[in-house]
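**Student:** Pasting in a structure now, in C-alpha cells, and then I'll have a few things to ask.
Chains as they are written, first to last, in the numbering used here: chain A, 1 to 83; chain B, 84 to 247.
In C-alpha cells form, the structure reads like this:
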C-alpha cells in the first residue's frame with residue numbers, strides 16, 4: 001500500500017510518499033503508526049505525539065481504530081489549516 | 084444546481100465568479116460571497132508570505148462532500164468554492180465561497196457551514212515565512228468548535244423552499 005505524508009509529518013520523516021507492506025498483525029491505523037514509529041528516528045519524531053496525527057484511508061478521514069485491510073492509500077498529516 | 088469547485092495556484096476574480104454563477108438566473112434571490120485573504124501577520128508576528136500545501140485528489144473530493152452536505156441541508160441554487168494552493172502574499176485572496184438561494188437564510192447558513200468545514204477538514208496545510216524562518220501554522224481550537232456546532236445543531240428535516 002502507498003503511504004503519503006504531508007506538512008511537518010513529511011518533513012520529519014524525510015519522504016513525501018512510499019510503498020510499504022506492513023507485517024501481519026498490523027490491523028488498524030493506530031497499529032500502523034506504532035509500526036512506523038519503530039522504523040527510524042524521523043518516523044519516531046513525526047509520530048511522537050500520535051494524538052495530533054490525522055489519517056485518511058483512500059482519501060476519507062478516518063480515526064486511529066480504522067482497519068487498514070484493503071487500503072490502497074493511507075495518508076498521515078497534522079490537523080488541517082486550510083481556508 | 085450548479086456546483087463549481089476549483090483548486091488552483093492563481094488568484095481568482097471574485098466579481099467574475101459571482102457573475103458566472105448568477106448569469107441569466109431569475110430564480111436566485113440571494114447570493115452570499117465569502118472571500119478569505121492572506122494577512123501580513125500570524126499570531127502577532129509579521130509574515131512575508133504563506134504557502135499552502137494540499138493533498139491533491141482528496142482536497143477536491145472532500146470539498147465536494149461538504150458541498151453535497153450543504154445542498155442536502157439547505158435549498159441552494161448554486162455553489163462555488165475556489166481554494167488556492169502554493170505561495171500567497173499578504174493581501175492576496177486565498178479562498179472563495181459563493182452560495183445562492185431563493186432567500187437569504189440558506190445562502191448565509193451554507194456559506195458559514197462551508198467555511199467552518201474548509202477550515203477544519205479540507206486537506207490543506209499553511210506554512211508562513213517569518214524573519215526567523217518558515218513555520219507551520221497550528222490548527223485553532225476555535226475552528227474545531229465552529230465546525231462542531233453544525234453537528235450539534237438539530238438535524239434539519241429535508242428542506243422546504245420556505246420564504247424567509
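The beta-carbon is built from N, C-alpha and C at its ideal position, and this holds for glycine as well.
So what's residue 157(B) in DSSP terms, helix, strand or just coil?
**Tutor:** Here residue 157(B) sits in coil by DSSP.
**Student:** Going by DSSP, name the residue or residues bridged to residue 184(B).
**Tutor:** Its beta-bridge partners are 113(B) and 159(B).
**Student:** Answer yes or no: does any C-beta atom of chain A fall closer than 8 Å to that of residue 207(B)?
**Tutor:** It does; some Cβ of chain A falls within 8 Å.
**Student:** Report buried or exposed for residue 210(B), applying the criterion of at least 16 other Cβ atoms within 10 angstroms of its Cβ.
**Tutor:** Classification for residue 210(B): buried.
**Student:** Hey, how far is the Cα of residue 154(B) from the Cα of residue 44(A)?
**Tutor:** Cα to Cα, residue 154(B) sits roughly 42 Å from residue 44(A).
**Student:** Just checking: is the beta-carbon of residue 211(B) within a distance shorter than 8 Å of some beta-carbon in chain A?
**Tutor:** Output row for residue 211(B): interface = no.
**Student:** Provide the residue span of the beta strand (DSSP E) that contains residue 5(A), from first to last.
**Tutor:** It spans 2-5 - the beta strand (DSSP E) in which residue 5(A) sits, taken as one unbroken run.
**Student:** Would you say residue 144(B) faces chain A, with C-beta separation under 8 Å as the test?
**Tutor:** Yes, contact with chain A.
**Student:** Between the alpha carbons of residue 2(A) and residue 18(A), how many angstroms are there, rounded?
**Tutor:** Distance between the alpha carbons of residue 2(A) and residue 18(A) is about 6 Å.
**Student:** Counting only beta-carbon separations shorter than 8 Å, does residue 219(B) have a partner in chain A?
**Tutor:** Judged by the 8 Å Cβ criterion, residue 219(B) is in contact with chain A.
**Student:** At a Cβ threshold of 8 Å, is residue 47(A) touching chain B?
**Tutor:** No, residue 47(A) lies away from the interface with chain B (no Cβ there is under 8 Å from its Cβ).
**Student:** Kindly indicate if chain A contains any beta-carbon less than 8 Å away from that of residue 167(B).
**Tutor:** Closer than 8 Å: no.
**Student:** Starting from the beta carbon of residue 77(A), find every residue of chain B whose beta carbon is closer than 8 Å, and list them in chain order.
**Tutor:** Those are 138, 206 and 208, listed as they occur along chain B.
**Student:** Take the Cβ of residue 149(B) as the centre, count every other Cβ of all protein chains shown within 10 Å, and call the residue buried at 16 or more, exposed below.
**Tutor:** With 16 or more Cβ atoms within 10 Å of its Cβ, residue 149(B) is classed as buried.
**Student:** Does the Cβ of residue 223(B) have 16 or more other Cβ atoms within 10 Å, making it buried, or fewer, making it exposed?
**Tutor:** Residue 223(B) is exposed by the Cβ-count criterion.
**Student:** Below 7 Å between beta carbons is the criterion; list the residues of the segment 158-182 of chain B that meet it against any residue of chain A, in chain order.
**Tutor:** Here the close residues are 166 and 178.
**Student:** Does residue 244(B) come out as helix, strand or coil in the three-state DSSP assignment?
**Tutor:** With a pLDDT of only 46 at residue 244(B), under 50, the local geometry of the prediction cannot be trusted, and no value is derived from it.
**Student:** Does the beta-carbon of residue 131(B), which I'm using as the reference point, lie nearer than 7 Å to any heavy atom of the ligand ZN?
**Tutor:** Ligands are entirely absent from the displayed structure, and the ligand ZN is therefore not among its contents.
**Student:** Please report the residue range of the beta strand (DSSP E) in which residue 100(B) lies.
**Tutor:** Taken as a continuous stretch (DSSP letters only), residue 100(B) belongs to no beta strand (DSSP E), being part of the alpha helix (DSSP H) at 97-105.
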